[in-house]
Amino acid sequence: MKWHHCHKLKCEIHPFSYLIFIGDAIHNIVDGLIIATTFLIDIKLGILTTFLIITHEVPQELGNFATAIYGGMRKNKAIIFTFLSQLTCIIGGLLGYYFLSKEMLLPLLPFAAGGFIYIAASDLLPELHKELNIKKSIISFILFSVGLAFIVVMKLFSVE
């Protein structure tokens with residue numbers, strides 16, 4: 582394996598532009614597995630999970646696109662790579678739908694939930710504590726409260 586490392590300020594296309602899409606493709610396969618798992622357990626849970634993953638994916642994919650552009654990738658190429666990395670979510674969903682047995686579904690659900698809790702605890706909460714601007718802190722608190730209220734409303738209207 583040959584490792585190319587660009588030492589110049591300006592490379593034709595910096596290697597991280599490709600690596601971000603490889604990591605994103607793997608991440609999206611897992612997202613697809615999570616979506617398939619939740620749909621197989623309950624259709625309402627599947628719809629909710631899909632909605633939540635989409636709200637997470639939109640800013641992430643915009644960030645990946647911007648990072649690729651910053652790394653020297655042309656816009657059209659970055660759009661194609663972003664689209665291709667998103668297709669792996671469908672691959673993960675199909676793998677989950679066709680290959681997950683009923684015995685595997687219930688253990689996977691807490692695993693997926695734990696992943697989301699880990700992200701919130703390790704990435705999001707520390708960022709909230711860094712904010713010194715009171716206005717931004719209030720906005721963050723309001724958005725957090727809206728998210729919490731959304732979860733409560735979904736629980737109230739879900740069928741057991």
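Counting along the sequence shown from 1, when you hit position 143 you're at 724 in the working numbering, and nothing is skipped either side. Built from N, CA and C at the ideal position, the CB exists for glycine as well. Computed from a predicted model, the values in this text were never measured in an experiment.
Asked, Found
"Per-residue DSSP class, three states only, for M735", "helix"
"Own chain partners of G695 with C-beta closer than 8 Å, once the 5 adjacent residues on each side are dropped", "none"
"Environment of I723 [buried if 16+ CB atoms lie within 10 Å]", "exposed"
"Sub-8 Å separation of T618 and L681 beta-carbons", "yes"
"Assigned secondary structure, N714 (DSSP; H/G/I helix, E/B strand, else coil)", "coil"
"The region 645 to 652 touching the region 709 to 727, judged by at least three CB pairs closer than 8 Å", "no"
"Whole-number beta carbon distance between I610 and T669, since they are thought to touch under 8 Å", "5 Å"
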